[in-house]
Structure formats: C-alpha cells, structure tokens
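Asks:
Chains as they are written, first to last, in my numbering: chain A, 1 to 94; chain B, 1001 to 1394.
1. If contact means a Cβ-Cβ distance below 7 Å, which residues of the stretch 51-72 of chain A contact chain B?
2. Per DSSP, what kind of secondary structure is residue 1108 (chain B) in: helix, strand or coil?
3. Where does residue 1145 (chain B) sit, in a helix, a strand or coil, going by DSSP?
4. Return the chain-ordered list of same chain residues with a C-beta closer than 8 Å to the C-beta of residue 1177 (chain B), the five sequence neighbours on each side being excluded.
5. Would you say residue 1065 (chain B) lies against chain A (beta-carbon separation less than 8 Å)?
6. Below 8 Å between beta carbons is the criterion; list the residues of the stretch 1021-1043 of chain B that meet it against any residue of chain A, in chain order.
7. Buried or exposed, going by whether 16 or more other CB atoms sit within 10 Å of the CB of residue 1226 (chain B)?
8. With 8 Å as the C-beta to C-beta threshold (strictly closer), list the residues of the stretch 18-40 of chain A near chain B in chain order.
9. Hey, quick one: how far does the beta strand (DSSP E) through residue 1208 (chain B) stretch, first residue to last?
10. Which of the residues in the stretch 71-88 of chain A, read from start to end, lie with their CB under 7 Å from any CB of chain D?
11. Return the CA-CA distance between residue 1200 (chain B) and residue 1248 (chain B), expressed in angstroms with no decimal places.
12. With DSSP collapsed to three states, give me the class of residue 1257 (chain B).
13. By the 10 Å Cβ neighbour count, where 16 or more other Cβ atoms means buried, how is residue 1025 (chain B) classified, buried or exposed?
14. Quick one: what does DSSP say residue 1221 (chain B) is sitting in, helix, strand or coil?
15. In whole angstroms, what is the alpha-carbon distance linking residue 1211 (chain B) and residue 1376 (chain B)?
16. Any Cβ of chain B within less than 8 Å of the Cβ of residue 43 (chain A)?
17. Given a cut-off of 8 Å on the beta-carbon distance, is the pair residue 73 (chain A) and residue 36 (chain A) in contact?
18. For residue 1220 (chain B), which option in B:1205, B:1209 and B:1196 has the closest C-alpha, if you only look at C-alpha atoms?
19. For residue 15 (chain A), return the contacting residues in chain B, with the cut-off set at a CB-CB distance below 9 Å.
20. Which of the three DSSP states is assigned to residue 1302 (chain B) in this structure?
21. Can you tell me which of B:1135, B:1146 and B:1155 puts its alpha carbon nearest to the alpha carbon of residue 1170 (chain B)?
22. Can you grab the Cα-Cα spacing for the pair residue 1232 (chain B) / residue 1340 (chain B), in whole Å?
23. Using a Cβ distance threshold of 8 Å, determine whether the stretch 1139-1158 of chain B contacts the stretch 1091-1100 of chain B, with at least three qualifying pairs required.
24. Could you round the C-beta distance between residue 1323 (chain B) and residue 1297 (chain B) to whole angstroms and report it? I think they count as a contact, below 8 Å.
25. Should residue 1294 (chain B) go down as buried or exposed, given a rule of 16 or more other Cβ atoms within 10 Å for buried?
26. Below 8 Å on the Cβ atoms is my contact criterion, and I expect residue 1396 (chain B) with residue 1207 (chain B) to pass it. Report the Cβ-Cβ distance as a whole number of Å.
27. Under 8 Å, with one C-beta from each stretch per pair, do the stretch 1316-1334 of chain B and the stretch 1252-1267 of chain B reach the 3-pair mark?
28. What does residue 49 (chain A) reach in chain B if we use C-beta pairs closer than 8 Å?
29. Please work out which residues of its chain come closer than 8 Å, Cβ to Cβ, to residue 66 (chain A), disregarding the five sequence neighbours upstream and downstream, and give them in chain order.
30. Residues in its own chain within less than 6 Å of residue 52 (chain A) by CB, not counting five upstream and five downstream?
31. Would the beta-carbon of residue 1385 (chain B) fall within 8 Å of that of residue 1348 (chain B)?
32. Assign residue 1316 (chain B) to one of two classes, buried (16 or more other C-beta atoms within 10 Å of its C-beta) or exposed (fewer than that).
33. Could you give the DSSP three-state label for residue 1005 (chain B): helix, strand or coil?
34. Is residue 1009 (chain B) buried or exposed, if buried means 16 or more other CB atoms sit within 10 Å of its CB?
35. Quick check on this structure: which residue in B:1353, B:1184 and B:1259 has the alpha carbon closest to the alpha carbon of residue 1382 (chain B)?
36. Whole angstroms are fine: how far does the CA of residue 1166 (chain B) sit from the CA of residue 1299 (chain B)?
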C-alpha cells in the first residue's frame, strides 16, 4: 500500500464512506453466474463472446465464459450477461 | 417513470458495426457519454448493439472516425414511429381526421332507450323525452341530467323515479311508475261504508256507524254496509265517519283457450339449422343443394339476426332457419295436455285480477272442447277479502 492509499484507508475508517468511493476501486456485483455489474472502470480492452477484459484502477479484470453480451455500457458502469465461468483479477500496480 | 417506457418513448435503434477497432469505438463512446446497450459480438469484425435515438448522430460520427461501417437494422420507439408517420402525410391526416370524426360523432346521442313504463304509452313518453332535449342527434353536453330528471318527473305525475344514463352514444332512460294512493276521506267528513264489489258477507266488523246488513247475506257493489247516519232517541240524527271491515267471499273468473292441434306433435329434441343471407328482402341460401330436411314431421322457425346495433336498420340480415323434429302422439294425450295448458292460462288470467291482500279459498275449473277444435277452460276463484269502502255522504 502506498502512502496515498494508506491515507485513504484511514479516511474510510474514520468517515465510514464506502471503500470503492474513497479508494477509487472497482465495485463488482455478481449475480449467480449470469450477470456481472462492474462500476468504476476505465476502459474496455477486449470483448468477444467468450472473454471480456476491462481496465480498472487496480489493473485488468477479466471475465470468461460463453455467450457473453454487454447488456449496457456507460461512462462508469458495464453490465455483462451470459454464462460466466471465471473472474480473474490482474492486480497490476497495487 | 420506468426506464423501459422512457426508452420506448425516446426511441432506440439496432445497429450493426463492421470493422477492426470495435473495442476502441466502445471506449470512445463510453467516454463521450454515449450509452450502448445489448452489445453482442457476432464475428471478430462484427458487432450488433442498441443505441438511444438521441445518440445516433454521435455514434455515426464516431464510427466514421474509427473507420467502421454502420448499418441500421431496426428502429423502435414512439418518436421513430411518429417520424415515419410524418413521412406519409396523407395517412397521418387521414388518421387525424378519423380520430376527430370519432370524437365528433361520439359526442352526440344516437339512440334513446326507454324502460320501466307500464301504463304510460311508450310513444307518448318518447315524445315527452324528445321535448326535454334527449333525442337522437342531440349534443351530449347540452343535456342537463338533473334538470331533465326533474322536468320529466314534474311532467308525468305517474312516475315516482326517473334516471338518465348516457353511455357512449346511447341514452338510457329508466322510469318507475308509482301506484296511486287510495283516496282518504277525512275523519271529520261523514261517510258510509259500502261494498266495493259483489260478494257473500262472512264477517262485518263495525268500528263506527250503524250496521245496515247482517253476516251471511249476499251484498251488491255499492250497497251500504255501515251507515254514517246514526239516529237515536236521545241525540236525534247524527252524521258520523263510519268505519268497518267487511270480510266477504268474492269470485273471480278467468278464461283461456288452447289449440289441440298444437299438442298433437311433441318435440323429439332433434333439430337442424340452416342459414340464409337476406339482402333487401331476398334470401340467399348459405348451404349447398336444396337443403332438404330428413325429418318426417317438423316445425320451422326463422330468426333474423341483424348486424346493425342500436336500432340501426341495415339491408343485410343473417337468417337462421330452425327445423325441429316432431313426433305424433295419440289424440287422448293431446287432449289432456291441451286441457292442462288452457287451465294453467285460465288460472294465470284469473290470478292477475285477484287483489294482493285476498286469500284464495277455492278453485274450480270447467273445460270443454269447442267446435273449432280448441280446449276452452273457465276457472272460478273464490277469494276471502275485505270489500269495505268508505263513501262520503253527500
């Protein structure tokens, strides 16, 4: 944890603000293996029907599965639907 | 408002993008605040997606910058439909005129339905209602409900209640007729108690006045039963308001005929139906061949079904011809059935004139076959009732 993150975690503990807001982390909600809702991401790196790679502040997040569809993509939210088999968190830089 | 409805109103389009830099396009769109929906990768170089109508222009520009080919697959939503509609101006005008016509025509009364009148003739009532402004062609908004009801009740004293309901283009008027209250003679007015009808006096209760007849006598209509003129040696002649009850046996008759021929055949339960189209009074059969019926004995009945509603007369009608199979039965059984039928009708006819407060004591029926082949029945009902009526002394 670098110096900035350390202060952010202290602020989070004192103020009780959500961690993802204070520390600018992606917020991932998984509904069974059918849907993934990812908030606070940077860019879409790759999209095929078997794989979705998304760039976030903590690195690359990859979902694999079959019949993957991007249900919705907006400035800070992406919803992926289909049969999700795995989630891989490439924690580069953190 | 739910998001789906808003999206439908605003409109959205299905697009097919073909090219190499699809992810780049999606990222650019995302950073440009364009919401992309239902993105589906079909091939490596091809993707289908949905975009809101307001973002279509931006998407087109962006795809051009990225070197992607854009094909619009489908356009959905209210605004798209309106846009399409505006291209066909004559059609849109037609629809508008049609809507206006429907609105205009539905603001008039087209039919008037009157129910509930028993003694007041329908024609007279219809004329009265027309005078009050409820008639075919009248503007619905011009009819004042409360005023109409009040005026109708004040015009026709026989009505105790009236209601006007305008449903669509139909004005429904319901009325209820009241029974006339009996004439009440003031207690201060001297009167006699007379027989209201012929009868055999069984019991006479005198509450006030002088008894003029004895129980067990036959009395005639109008005969004084209790006199209001009381004479005594002490006070001389006084006129009082005579009161009393005269319980008598009265007789009511009813007669009815039944045609024996109607009972010579009995329905077997089998029937056949055929349809005809009646155009301007000419029947066109809607069946092949002559339409022969296999029944030996049968009865034919016809029923016209008009497609016109609310009393509209159309020149086209559908006619249902119904053939009911009949079985011949023996004459004696037919005679018994005709007698039963005529007795039933005669009792019903006599029962109609019996007052509600009367108690039927005895029923007698006499049936005979007339020369024209009909069964004639006469029934006599013996009723116990109070026949006392007050009549003022002039």
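Even for Gly, the Cβ is constructed at its ideal location relative to N, Cα and C.
Replies: Quick answer:
1. 69, 70, 71 and 72
2. strand
3. helix
4. 1116, 1117, 1118, 1119, 1120, 1158, 1159 and 1160
5. no
6. 1022, 1023, 1026, 1027, 1029, 1030, 1031, 1033, 1035, 1036, 1037, 1038, 1039, 1040 and 1041
7. buried
8. none
9. 1199-1208
10. The question asks about chain D, but that chain is absent: this structure's protein chains are A and B.
11. 5 Å
12. strand
13. buried
14. coil
15. 43 Å
16. yes
17. no
18. B:1196
19. By Cβ distance, chain B contributes nothing, its closest Cβ being about 29 Å from residue 15 (chain A), past 9 Å.
20. strand
21. B:1135
22. 59 Å
23. no
24. In fact, because the Cβ distance is near 10 Å, the residues do not count as touching under 8 Å.
25. exposed
26. Outside the displayed span of chain B (1001 to 1394) sits residue 1396 (chain B), for which this structure offers no information.
27. yes
28. 1040 and 1041
29. 49, 50, 82, 83 and 85
30. 63, 68 and 80
31. no
32. exposed
33. helix
34. exposed
35. B:1353
36. 42 Å
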